[in-house]
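Quick notes on the structure that follows.
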Amino acid sequence: MIHFMLLLDSLVCCLGDLFAFAVNSFAPRRHRGYPEKEYRLMRWLLLVLISCSLATSLMAADPRPGDEAIEKYLMGETKLLSLNALAEVDSREAWEAKRGELKRQYWDMLGLWPVPERTPLKAQTTGTVARENFTVEKVHFQSKPGLYVTGNLYLPKPMPKEQLPAVLYVCGHSGKGRDGNKTAFQQHGMWFATHGYVCLIIDTLQLGEVAGVHHGTYNRDRWWWHSHGYTSAGVECWNGVRAIDYLVSRPEVDPEKIAVTGISGGGAATFWIAAADERVKVCVPVSGMSDLQSYVTDKVCNGHCDCMFLYNNYRWEWTTIAALIAPRPMLFENSGYDTIFPMPANERIRARLAKIYGWYEKKPGDLFDIGITPGGHSDNVELRLMAYRWISKHLKEDNSEVAEPSLPPFSGKELRVFPEDRDLPKDSLNDKIDESFVRLAKPTTPKNKEEYSAWSRRLRGELLDRVFRDWPDEVLAAEVREEMPDGRIILRTDTEVSVLAARVQAMAAAQEKPKRLWLIVLNADEPEGKLPAWTKGLIPQGQPVTVLSPRGSGEFSAWTRKNPPNYVERAHALLGRTIDAGRVWDVQATARWLHEAEGNELSVGVLGKGQAGVLGAYAALFENCIAEVTLVDPPSTHRDGPHFLGVMKVLDVPDVLGLLAPRQVALINAKDAVFERTADAYKAAGYAGRVERK
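Position in the sequence shown counted from 1, then plus 25, gives you this note's numbering.
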């Protein structure tokens, strides 16, 4: 679904095309080249556009205090990753040495590492329809048990005896209801089948016959997708890989001659599949990729579905995904006025890819080229013809000109794999595949000190490699930006990030030299600058206490939240971060500030309720000055937050608490039996007395 502002941009582009058409068609005439009738039309359209712009301005929400800061932060992170795009690779040899590890990281960011088992496809053909010179088989297979993929297989008629090259066509976001979006792109299958190819067009998960969900974080608040490391892009990639398994199982197909292409969401899927599967010998992604500057800084991600994005744990510039396809032939297509895949981003991607492909090409354009057509975002005939030519050149060594004859389409119902609702598979998991698609970590509990040491090293290593990538060995202490008479303090904890802390029990009020500094971490909905009622009895009398509202909390640093498109949250994931990871940083930086302000003599105890308590636990994991953590009503699983990218592929809340040994941990109202794992880990480490459940 395209965001309203992007629709408005599309309107601007359409008007631009219309103006250009009028000028070219009617100049020179009165009214600066327009005839009277067209001039009046242009004037009316301008009034409509201005009215839309004014309405948009009036509808815009008042900015929140944290909007400017968080956008500057996201912009800075984007610039950092953009500057580093493939910078460490300066030769073909260096690229090929690095490519294997990049491929593993890529699978991981799609939620596909370890690579899933290739289970039996259980492919079936439910019917056929035919025309004079081609046949369409209506097929389905299961890419995983219960994950149904429906498609139409276009075959030449009659079939020659020799094996044929094959094309996998992956679809964009075209809503065709029960017929599936494959029916919107049937002209591609017809052309390929009538020109000596086998072509399989498959439905997407969101818009297929057996429908599932793409929009988990876009508009459904399924933030646990972040913790699972699940993205619908991973499903589309895996469905494509298994579709190739299906194609090469067909006796009609030459397994050495496979191409993949598609537009929009299908363009993105083309990148996913071709980067993942070396059997793809040629690809033509059409209007399917932008770069981080476009997605984040220019907010183009607001117009995109979750299937367009992986979770960028390894902090790549987006072009690296496309670079994994090199040196296999790629034609990167787009329309010049496409507002959801803007041309400036395409040009930046092209320049970066040209560097990689230049190491393999005899002359520019041999293996990598771009194709641009006029107009906005559409599956237009010019784009299709360029794709046909490129695929024919590289799969058939055929450089002849191509045309697309007009063929009458089938009705959507004619192409259905499951004709009626009663025919839909009863064992389908499509509508809940997000629950089981990613392989989550299985809990393990050490039994003794030796096992604990190995367990701790492994989990800490995986956390730093896969979840908190490039987290520093030491987060610098927060800087005081402003101290207020009422005890509130503005702290700068990170680049462009300031948070509000407050001293609610000053040092001077202590009756004796304090033994510990106490830091209370507040949740986003807790009043800032105040001691919460739930802390009663948890802190010794007269001890110095500071409360912290991390980024995005309270009123001071809160930013605008709009669902959809949930810009701030989704932009973080594109940069390999989550808001909660940033909040852990804030807790660390604030704890370090408290510690250093007292001459590094006093350790810090951190308290938090619910998710905030778990933030404190992670801060303690990374920050040695935190000696004690108290969690009140802690969530038993990261599915309920806090959310870090792919954390549940490594561990869950009880396990990270177990990693804190020998530090003191108090669990208040932690009634779930899973917290026995925390106690067992402490016991194995030899510190059973330092974890307490109340």
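Just so you know, even glycine gets a beta-carbon here, dropped at the ideal spot from N, CA and C. Remember, predicted model here, so these are calculated numbers, not experimental data.
Which listed residue (the options) has its alpha carbon closest to that of residue i
i    : options                   : result
A558 : G567, Q568 and L547       : L547
L225 : G241, G400 and F217       : F217
W250 : K324, K201, R718 and G666 : G666
L408 : W341, G292, A300 and Q636 : G292
L542 : G567, Y255, R447 and K561 : G567
D391 : G630, V307 and T208       : V307
E553 : L563, R513 and Q530       : R513
A209 : G197, V716 and Y243       : G197
A300 : G259, V273 and P433       : G259
D495 : E426, G205, T520 and R602 : R602
C326 : P589, D677, R664 and D611 : P589
E94  : T518, H240 and R718       : At residue 94 the sequence reads Ala, which differs from the Glu that was named. Of T518, H240 and R718, the residue nearest in Cα terms is T518.
C330 : V699, H239, R506 and A596 : H239
E504 : K388, G579, L525 and D490 : L525
Y687 : A428, R715 and P145       : The sequence as given places Pro at residue 687; Tyr does not occur at that position. When each option's Cα is compared against that of P687, the closest is R715.
E102 : T520, I298, P170 and N473 : T520
Contact check, residue i vs residue j, beta carbons under 8 Å
i    : j    : result
A370 : S315 : yes
L556 : Y336 : no
L600 : L99  : yes
P185 : L420 : no
E621 : A713 : no
Y173 : V161 : no
Y385 : P352 : yes
R267 : S360 : no
E439 : L106 : no
A614 : V500 : yes
T219 : F159 : yes
I651 : A616 : yes
K163 : R441 : yes
L544 : T571 : yes
V522 : K674 : no
F334 : T256 : yes
Those residues which DSSP pairs with residue i across a bridge
i    : result
W543 : V570 and G630
Y173 : Q167
Y194 : I226 and T286
P181 : F159
K357 : Here residue 357 is Phe; the residue named in the question, Lys, does not match the sequence. Answer by DSSP bridge pairing, in chain order: I395.
A691 : T655 and E717
D519 : V522
E504 : R517
Q188 : DSSP, once it has assigned bridges, lists no residue as partnering Q188.
G136 : According to DSSP, G136 bridges with nothing at all.
G152 : K163
Q530 : V570
Buried versus exposed, by CB contacts within 10 Å (16 or more), residue i
i    : result
A376 : exposed
G328 : buried
A598 : buried
A294 : buried
S289 : buried
R65  : With a pLDDT of only 46 at R65, under 50, the local geometry of the prediction cannot be trusted, and the value read off the model is given with reservation. That one is exposed.
V654 : buried
M355 : buried
R608 : buried
A637 : buried
R483 : exposed
A52  : With a pLDDT of 36 at A52, under the threshold of 50, the predicted position of this residue should be treated as unreliable, though the coordinate-derived value follows. Label assigned to A52: exposed.
L108 : exposed
K708 : buried
E594 : buried
N264 : buried
P471 : buried
V140 : exposed
T398 : buried
K561 : exposed
Q149 : exposed
Any non-hydrogen atom of the ligand MN closer than 7 Å to residue i Cβ
i    : result
S574 : The ligand MN is not part of this structure, which contains no ligands at all.
### Query
Residue ranges of each alpha helix (DSSP H) run of no fewer than 4 residues wholly in the region 275-322, ordered along the chain?
Complete alpha helix (DSSP H) runs here, min 4: 290-301.
### Query
What beta strand (DSSP E) runs, 3 residues minimum, are completely inside the region 582-634?
Within the region 582-634, the complete beta strand (DSSP E) segments at least 3 residues long are 629-634, listed from N- to C-terminus.
### Message
Ignoring anything shorter than 4 residues, give me the alpha helix (DSSP H) runs that lie fully in the region 379-450, in order along the chain.
### Response
As far as the region 379-450 is concerned, its whole alpha helix (DSSP H) runs of at least 4 residues are 406-421.
### Task
Counting only runs of 3+ residues fully inside the region 199-280, write out the beta strand (DSSP E) ranges in chain order.
Uninterrupted beta strand (DSSP E) stretches at least 3 residues long and entirely within the region 199-280 occur at 223-227, given in chain order.
### Message
For a minimum of 4 consecutive residues, which ranges assigned as the alpha helix (DSSP H) are wholly contained in the region 87-127?
### Response
Listed in chain order, they are 92-108.
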